[in-house]
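*Asks:*
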Amino acid sequence: MTQRYSRTGLFFACSGLLLAHLFLSAPLRAQERFADLLGPIKTGPVVKGGPIDVPYILWGGDVATFLANGDLKTQPDSMFRQSGLDINLVNGDDFVGQVRNYVQGKSPFLRGTMHMLGLASEVLGEDARTKPVIIMQLSWSAGDHVVARKAIRKLNDLKGKKIACQQGGPHVGLLYDSLGAAGLLKSDVTIVWTKDITGPDGPAEAFRKDPTIDACCVITPDMMGLSSGLAEEGTGAEGTVAGAHVINSTAQMSRSIADVYAVRRDWYDANREWVKKFVAGQLKATEKLVVLRRNFSETKKLSKEYEQILSLSQRIFGKETIPTLEEDAHGLLLDCSFVGLNGQLAFFLDKGNLSGFKGKMGEALDLATAWGYAKGRYGFDPNNFTLEDTKDAGGKVTKQSDYSSIASMAGIELTAIKTTEKFDKSKAESTDQFFGENLDTNTIVSFTISFEPDQKDFSADRYGSDFARALKEASKFGNARVIIRGHSDPTKTLLDLIKSGISKGIIQQNGVNGNFKYFMNGKPLDLTRTKEIVALIKLGTFGGGNPDPAVTMQAAMNLSKSRADNVFAELQNYAKKEGVNIDLSQIVPVGAGVMEPVIPKPKNIDEAKENMRVEFRIVKVNPESLAPSDFNF
-5 MTQRYSRTGL FFACSGLLLA HLFLSAPLRA QERFADLLGP IKTGPVVKGG PIDVPYILWG
55 GDVATFLANG DLKTQPDSMF RQSGLDINLV NGDDFVGQVR NYVQGKSPFL RGTMHMLGLA
115 SEVLGEDART KPVIIMQLSW SAGDHVVARK AIRKLNDLKG KKIACQQGGP HVGLLYDSLG
175 AAGLLKSDVT IVWTKDITGP DGPAEAFRKD PTIDACCVIT PDMMGLSSGL AEEGTGAEGT
235 VAGAHVINST AQMSRSIADV YAVRRDWYDA NREWVKKFVA GQLKATEKLV VLRRNFSETK
295 KLSKEYEQIL SLSQRIFGKE TIPTLEEDAH GLLLDCSFVG LNGQLAFFLD KGNLSGFKGK
355 MGEALDLATA WGYAKGRYGF DPNNFTLEDT KDAGGKVTKQ SDYSSIASMA GIELTAIKTT
415 EKFDKSKAES TDQFFGENLD TNTIVSFTIS FEPDQKDFSA DRYGSDFARA LKEASKFGNA
475 RVIIRGHSDP TKTLLDLIKS GISKGIIQQN GVNGNFKYFM NGKPLDLTRT KEIVALIKLG
535 TFGGGNPDPA VTMQAAMNLS KSRADNVFAE LQNYAKKEGV NIDLSQIVPV GAGVMEPVIP
595 KPKNIDEAKE NMRVEFRIVK VNPESLAPSD FNF
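Quick note: the sequence shown uses this note's numbering, first residue -5, plus one each step.
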């Protein structure tokens, strides 16, 4: 999980791509086409001879690349050198500069996120030679956040609000995904674009100085500076902003920002075996780095080997950026969720993975075209690495699969793709997590489907779009629970309470023609105060009557749970039919009964129908409820 830092602005640990100076020479206009930012440029062939320039950026995933290469230049005893590779690692924080070098042929590599490649997709895809081939995924971000003011409690509340975000940076993708989860469009909010991702010209400082800015997209150190922590709220002391808190984070939206390496199509076709060696070396280093990171986290003892790689990253990124090893360099790695070899299989080959290559590319192109970075859709190619061996007509294996040879080169065991249950059922949260104030506090985003009285069928023909949305968000929010909450209308419960109370002489009714007022023990009884009414019924004051409101209320609870169960069953059927992988441990159906009506005392059947609903909520969970894993498959 995300490291808690003691100081702000330690380093620009953005989710896979630091673009702090991306638009220094460009006016701060909303949504400039990437082609206009790049300017006139001529496509050239990749330079031949000498080491290959490979860009790195300020992110924990790139520390694995440092380990594989031994330093910025390939060292004699390094993993890459052992495979015969010769590489120069070059700073790629200026993504426009990266793209320029890539198109001109100075480097065949791009290092970024899927969203960032989408922003540049029109430029990259215009010439068949430079069409990106995504050769591997490095990691997912777990250290980027949306911080909001006190009144904003979940992503749905962003509608009509003002949000600060770095123009063209990695958080554009985070903001796009956050709005999309709430069913919001760019036109539903006002975006204040900042030049940098952090510092004086970053979103956090804009949020701090301008009280009209309602939310901001920030990196972990700035999140800490505004709110004091992932689950904390700023007090206004020590530089925090009073009421500032995290409403969304890649700690929960763990499948939003995908870090990748891409190479030019023409170079990939001519150097496929070289690429396989690069991927193998990267994965070998990743597995070693994850073990070192885990051992330090568990023992708090810094091994010589881990100290060496942390020191190397400090030297490359700079001491002003990484002041300390045990807190800052290690903290940078904690914000990074490495995917490993099995992550490659899940990303590129698992057709049922909604957060795989196809899904993330579609989102990246949607963002680029909808937000004005590109005029058309120019897609990427996945690597064409195989998992199954090629066989001849007689069944004889004629060629080893690509991932088998990559695993062999990396010294890693190759296992089959499988859907695992991430949530540890032995540490399941209390049901209190799914009700009342705890639920509201932990809800990241929600949406609702409505139904008719006594409806029990929730077929995909009618609710397919809702099921598709639920599955998409469940995949994207990989470290959150999806709560399916059934609700019932309270009208029958209220009616039985009044009838029982009057028959017992407990309730007095005044008024005519439906304009009634009720009194209990001489005091006004407000039927719109649902929690108080439910508490009265639970006390047993009206028990034994005919009708008995306690029996009616329990029936409503049973009905709401039944509806949630039916929706869950249909969601599973829909996922199976569509070939979508689903982690059943992530989804919890519960019944809320009459506890949370939209309209506490409906006046007619139309108002009553608003209470008859099933609600999907994406909910933060206690980290201990997650099954431990080093790699995110």
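Where a beta carbon is used, it is the ideal one built from N, C-alpha and C, also for glycine. Because the structure is a prediction, the values reported are computed rather than measured.
#1: Measuring only the C-alpha atoms, how far is Ala225 from Val615?
#2: Can you check DSSP and say which residues form a bridge with Asp253?
#3: Return yes when the Cβ of Thr192 is within less than 8 Å of the Cβ of Ile213, no when it is not.
#4: State yes or no: is the C-beta of Ala122 within less than 8 Å of the C-beta of Arg259?
#5: Check whether the region 563 to 583 and the region 469 to 480 are in contact - that is, three or more C-beta pairs closer than 8 Å.
#6: Pop quiz: Leu304 and His324 are said to be a contact at Cβ under 8 Å. What is the actual Cβ separation, rounded to whole angstroms?
#7: Could you have a look at Gly163 and say whether DSSP puts it in helix, strand or coil?
#8: In chain order, what residues of the same chain lie with their CB nearer than 7 Å to the CB of Glu609, ignoring the 5 residues before and after it?
#9: Leu465: which of Tyr568, Thr392, Ile406 sits nearest, CA to CA?
#10: Please list, in chain order, all residues of the same chain as Pro594 whose beta carbon is under 6 Å from its beta carbon, the five residues on each side excluded.
#11: Tyr397 and Phe379 look like a contact to me (Cβ under 8 Å); what is the Cβ gap, rounded to whole Å?
#12: Using only the alpha-carbon positions, how far apart do Val613 and Val90 sit?
#13: What's the C-alpha gap between Leu18 and Asp190?
#14: Report the option in Phe28, Pro583, Ile207, Ala175 whose CA atom is closest to the CA atom of Leu113.
#15: Tell me where the beta strand (DSSP E) around Phe510 begins and ends.
#16: Just to confirm my understanding: we take Leu61, look at its own chain, exclude 5 residues before and 5 after, and list those with CB closer than 6 Å. What are they?
#17: Confirm, please, whether the CB-CB distance from Ala245 to Glu227 is below 8 Å.
#18: Would you kindly report the start and end of the unbroken beta strand (DSSP E) that includes Thr441?
#19: Given a cut-off of 8 Å, decide if Gly55 and Asp253 are closer than it, judged by their beta-carbon atoms.
#20: Evaluate contact between the region 524 to 543 and the region 394 to 408, counting only Cβ atoms and requiring at least three cross-stretch pairs below 8 Å.
#21: Assess contact between the region 126 to 138 and the region 326 to 343, defined as three or more Cβ pairs (one per stretch) separated by less than 8 Å. Is contact present?
#22: Is it buried or exposed, Met130, if we count other Cβ atoms within 10 angstroms and call 16 or more buried?
#23: Among the candidates Gly495, Thr485, Pro39, Pro541, whose CA atom is the shortest distance from the CA of Glu604?
#24: Does the contact criterion of 3 or more C-beta pairs under 8 Å hold for the region 346 to 357 versus the region 94 to 104?
#25: In angstroms with no decimal places, state the Cα-to-Cα distance between Asp490 and Leu168.
#26: Can you give, in chain order, each stretch of the beta strand (DSSP E) that sits fully within the region 224 to 251 and has at least 3 residues?
#27: Determine the DSSP secondary structure at Ser629, reduced to helix, strand or coil.
#28: Going by the CB atoms, is the gap between Ile531 and Pro541 shorter than 8 Å?
#29: Rounded to whole angstroms, what is the Cα-Cα separation between Glu590 and Met218?
#30: If I'm right that Asn85 touches Asp47 with Cβ under 8 Å, what's the distance once you round it to whole angstroms?
#31: Give the C-beta separation of Lys271 and Ile207 to the nearest angstrom, bearing in mind that I take them to be a contact with Cβ-Cβ under 8 Å.
#32: Just confirm the distance between the C-beta atoms of Thr68 and Leu79, as a whole number of angstroms; I'd bet it's less than 8 Å.
#33: Should Ala142 be labelled buried (16 or more other beta-carbon atoms within 10 Å of its own) or exposed?
#34: Just to confirm my understanding: we take Phe452, look at its own chain, exclude 5 residues before and 5 after, and list those with CB closer than 6 Å. What are they?
#35: Would DSSP call Arg607 helix, strand or coil?
#36: Pull the bridge partners of Gly587 from the DSSP assignment, please.
*Replies:* Considering the structure as presented:
#1: Within the sequence shown, residue 225 is the residue found at index 231, counting from 1. Within the sequence shown, residue 615 is the residue found at index 621, counting from 1. Between Ala225 and Val615, the C-alpha separation is close to 11 Å.
#2: As a working mapping, residue 253 is identified with position 259 in the sequence shown. Note: Asp253 sits in a beta bridge opposite Thr107, Ser133.
#3: Locating residue 213 in the sequence shown gives position 219, counting from the first residue. Locating residue 192 in the sequence shown gives position 198, counting from the first residue. Yes, Cβ-Cβ distance for Ile213 and Thr192 is below 8 Å.
#4: Translated into the one-based positions of the sequence shown, residue 122 becomes position 128. Translated into the one-based positions of the sequence shown, residue 259 becomes position 265. Against a cut-off of 8 Å, the Cβ pair of Arg259 and Ala122 comes out as a contact.
#5: yes
#6: In the sequence shown, counting from the first residue as 1, residue 304 sits at position 310. In the sequence shown, counting from the first residue as 1, residue 324 sits at position 330. Contact holds; Cβ gap of about 6 Å.
#7: Along the sequence shown, read from residue 1 onward, the residue named residue 163 stands at position 169. Coil.
#8: Here residue 609 refers to the residue found at position 615 of the sequence shown. Excluding residues within five positions, the ones whose Cβ falls inside 7 Å are Ser440, Thr442, Arg479, His481.
#9: Here the question's residue 465 lines up with position 471 in the sequence shown. If we check each option's Cα against that of Leu465, Tyr568 comes out closest.
#10: Position 600 of the sequence shown holds residue 594. Thr522, Thr524.
#11: Counting from 1 along the sequence shown, the entry for residue 397 is found at position 403. Counting from 1 along the sequence shown, the entry for residue 379 is found at position 385. Correct: roughly 6 Å between the Cβ atoms.
#12: Translated into the one-based positions of the sequence shown, residue 613 becomes position 619. Translated into the one-based positions of the sequence shown, residue 90 becomes position 96. Cα to Cα, Val613 sits roughly 37 Å from Val90.
#13: The sequence position of residue 18 within the sequence shown is 24, counting from 1. The sequence position of residue 190 within the sequence shown is 196, counting from 1. Any reading at Leu18 must be qualified, since the residue scores a pLDDT of 34, below 50, and its modelled position is unreliable; no value is offered.
#14: For the purposes of this step, residue 113 is identified with residue 119 of the sequence shown, where counting begins at 1. Taking only the C-alpha atoms, the option nearest Leu113 is Phe28.
#15: By one-based count along the sequence shown, residue 510 stands at place 516. Per DSSP, Phe510 belongs to the beta strand (DSSP E) from 509 to 514.
#16: Numbered from its first residue, the sequence shown carries residue 61 at position 67. The residues are Ala279, Leu283, Ile303.
#17: As a position in the sequence shown, residue 227 is number 233, starting the count at 1. As a position in the sequence shown, residue 245 is number 251, starting the count at 1. Going by C-beta atoms, Glu227 is not nearer than 8 Å to Ala245.
#18: To locate residue 441, count along the sequence shown from 1; it is residue 447. Position check: residue 441 holds Phe in this sequence, whereas Thr was assumed. Phe441 -> beta strand (DSSP E) spans 437 to 444.
#19: Taking the first residue of the sequence shown as 1, we reach residue 253 at position 259. Taking the first residue of the sequence shown as 1, we reach residue 55 at position 61. It is a contact, given that the beta carbons lie within the stated cut-off.
#20: no
#21: yes
#22: In the sequence shown, the residue the question calls residue 130 occupies position 136. Label assigned to Met130: buried.
#23: Along the sequence shown, one-based indexing puts residue 604 at 610. For the residues Gly495, Thr485, Pro39, Pro541, the minimum Cα distance to Glu604 belongs to Thr485.
#24: no
#25: Translated into the one-based positions of the sequence shown, residue 490 becomes position 496. Translated into the one-based positions of the sequence shown, residue 168 becomes position 174. Going from the Cα of Asp490 to the Cα of Leu168 covers about 49 Å.
#26: 239 to 243
#27: Absent from the model: residue 629. The displayed extent of the chain is -5 to 627, so no value can be given.
#28: Taking the sequence shown and counting its residues from 1, the one referred to as residue 541 is at position 547. Taking the sequence shown and counting its residues from 1, the one referred to as residue 531 is at position 537. Their beta carbons are not under 8 Å apart, which means Pro541 does not touch Ile531 by this criterion.
#29: Position 596 of the sequence shown, counting from 1, holds the residue named residue 590. Position 224 of the sequence shown, counting from 1, holds the residue named residue 218. Near 34 Å, if we compare the C-alpha coordinates of Met218 and Glu590.
#30: For the purposes of this step, residue 85 is taken as the residue at position 91 of the sequence shown. For the purposes of this step, residue 47 is taken as the residue at position 53 of the sequence shown. Rounded, the Cβ-Cβ distance is 11 Å, inconsistent with contact.
#31: Sequence index remark: in the sequence shown, residue 271 carries index 277 (1-based). Sequence index remark: in the sequence shown, residue 207 carries index 213 (1-based). With 8 Å as the limit, Lys271 and Ile207 do not qualify as a contact, their Cβ atoms being about 48 Å apart.
#32: Within the sequence shown, residue 68 is the residue found at index 74, counting from 1. Within the sequence shown, residue 79 is the residue found at index 85, counting from 1. Confirmed, Cβ separation roughly 6 Å.
#33: For this step, residue 142 is matched to residue 148 along the sequence shown. Buried, by the Cβ-count rule.
#34: Counted from its first residue, the sequence shown places residue 452 at position 458. Closer than 6 Å at the Cβ level, and outside the excluded window around Phe452, lie Asn560, Val561, Glu564.
#35: Translated into the one-based positions of the sequence shown, residue 607 becomes position 613. Correct three-state label for Arg607: strand.
#36: On the sequence shown, residue 587 is found 593 positions in, with the first residue counted as 1. His481.
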